[in-house]
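J.:
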Amino acid sequence: DVKVTQSSRYLVKRTGEKVFLECVQDMDHENMFWYRQDPGLGLRLIYFSYDVKMKEKGDIPEGYSVSREKKERFSLILESASTNQTSMYLCASSPPSGSHNEQYFGPGTRLTVT
Amino acid sequence: GEDVEQSLFLSVREGDSSVINCTYTDSSSTYLYWYKQEPGAGLQLLTYIFSNMDMKQDQRLTVLLNKKDKHLSLRIADTQTGDSAIYFCAERGTGRRALTFGSGTRLQVQP
Chain A
1 DVKVTQSSRY
11 LVKRTGEKVF
21 LECVQDMDHE
31 NMFWYRQDPG
41 LGLRLIYFSY
51 DVKMKEKGDI
61 PEGYSVSREK
71 KERFSLILES
81 ASTNQTSMYL
91 CASSPPSGSH
101 NEQYFGPGTR
111 LTVT
Chain B
115 GEDVEQSLFL
125 SVREGDSSVI
135 NCTYTDSSST
145 YLYWYKQEPG
155 AGLQLLTYIF
165 SNMDMKQDQR
175 LTVLLNKKDK
185 HLSLRIADTQ
195 TGDSAIYFCA
205 ERGTGRRALT
215 FGSGTRLQVQ
225 P
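First to last, the protein sequences are chains A and B.
Once you know that position 47 of the first sequence is 47 in the working numbering, the rest is easy, because the numbers rise by one and skip nothing.
For the working numbering, count along the second sequence from 1 and bump the result up by 114.
(1) By the criterion of Cβ-Cβ separation under 7 Å, what are the contact partners of TYR138 of chain B in chain A?
(2) According to DSSP, is THR83 of chain A helix, strand or coil?
(3) Leaving aside the five residues before and after TYR121 of chain B along the sequence, list all residues of the same chain whose C-beta is less than 7 Å from its C-beta, in chain order.
(4) Is there contact here, the stretch 13 to 23 of chain A with the stretch 173 to 193 of chain B, by at least three beta-carbon pairs under 8 Å?
(5) With respect to the beta strand (DSSP E) encompassing ALA199 of chain B, which residues constitute its N-terminal and C-terminal limits?
(6) For GLU102 of chain A and chain B, any beta-carbon pair shorter than 8 Å?
(7) Hey, does LEU175 of chain B have any beta-carbon neighbour from chain D nearer than 8 Å?
(8) Within a Cβ cutoff of 7 Å, which residues of the same chain sit near LEU160 of chain B, ignoring the five residues on either side of it in sequence?
(9) At what residue ranges does the stretch 8 to 58 of chain A contain a whole run of the beta strand (DSSP E), taking only runs of 3 or more?
(10) State yes or no: is the beta carbon of ALA155 of chain B nearer than 8 Å to at least one beta carbon in chain A?
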């Protein structure tokens with residue numbers, strides 16, 4: 001079974017703090033993704049990575065950065081957390097494009113910025 | 115950019131059929147997906163359909179695709195309380211790695 005794990009289920013941070021969200025997958029997938037999920041807005045893509053050290057901006061990259069130093073690990077960084085970044089963050093991974101290219105999701109990290 | 119739209123809420127009685135609808139704008143969509151999210155969990159793929167198909171059936175699930183109208187639906191037969199969840203429609207365009215998701219439809223099943 002594919003497993004995608006996220007470092008924390010719940011996180012509370014203060015405005016202005018630097019926040020790291022970690023994601024690890026165990027299926028040697030090339031592609032990894034970070035989404036945020038907000039009620040009524042569904043999932044919005046923040047960043048994705050298609051290889052080590054390679055990244056592309058998604059639909060809402062402002063205020064975020066990412067790091068992929070190893071194939072199995074993809075980190076989301078909030079350089080200076082703000083209250084409008086309070087959200088559920090979901091990480092996903094998928095094999096290379098081809099066939100139906102299912103994305104496998106982690107359980108999510110609910111981040112609250114106060 | 116690409117857009118995927120769903121209604122936000124659906125309520126059905128246990129044993130009835132549920133139909134969740136989705137529309138999308140990307141005419142290059144190759145695969146369309148239905149994901150399920152149970153409370154406190156990540157998303158899990160329920161089923162998918164390739165764009166050259168118009169129907170796919172998998173046990174209690176039936177997916178219908180009208181490519182001309184860019185309309186996708188998910189029918190759940192004999193809906194159970196365990197089907198209560200948020201259902202997301204998603205699509206992937208040609209050559210794209212990322213999916214575009216709808217806002218999700220919360221299905222409430224009443225006993």
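Every residue, glycine too, gets a C-beta built ideally from N, C-alpha and C.
T.: The short version:
(1) Counted from its first residue, the second sequence places residue 138 of chain B at position 24. What TYR138 of chain B touches in chain A: nothing, since even the nearest Cβ is about 12 Å away.
(2) Sequence index remark: in the first sequence, residue 83 of chain A carries index 83 (1-based). In the three-state DSSP reduction, THR83 of chain A falls in the helix class (H, G or I).
(3) In the second sequence, the residue the question calls residue 121 of chain B occupies position 7. Note that residue 121 of chain B is Ser in the sequence shown here, rather than Tyr. Here the set comprises ASN135, THR219.
(4) Touching, no.
(5) By 1-based counting over the second sequence, the position of residue 199 of chain B is 85. That run of the beta strand (DSSP E) goes 199 to 207.
(6) Stepping through the first sequence from its first residue, residue 102 of chain A is reached at position 102. The Cβ of GLU102 of chain A sits closer than 8 Å to at least one Cβ of chain B.
(7) Annotation note: the requested chain D is absent from the structure, which comprises protein chains A and B.
(8) Within the second sequence, the letter at position 46 stands for residue 160 of chain B. Excluding residues within five positions, the ones whose Cβ falls inside 7 Å are TRP148, TYR149, LYS150, LEU175.
(9) You should have 10 to 13, 19 to 25, 31 to 38, 42 to 51, 54 to 57.
(10) Translated into the one-based positions of the second sequence, residue 155 of chain B becomes position 41. Judged by the 8 Å Cβ criterion, ALA155 of chain B is in contact with chain A.
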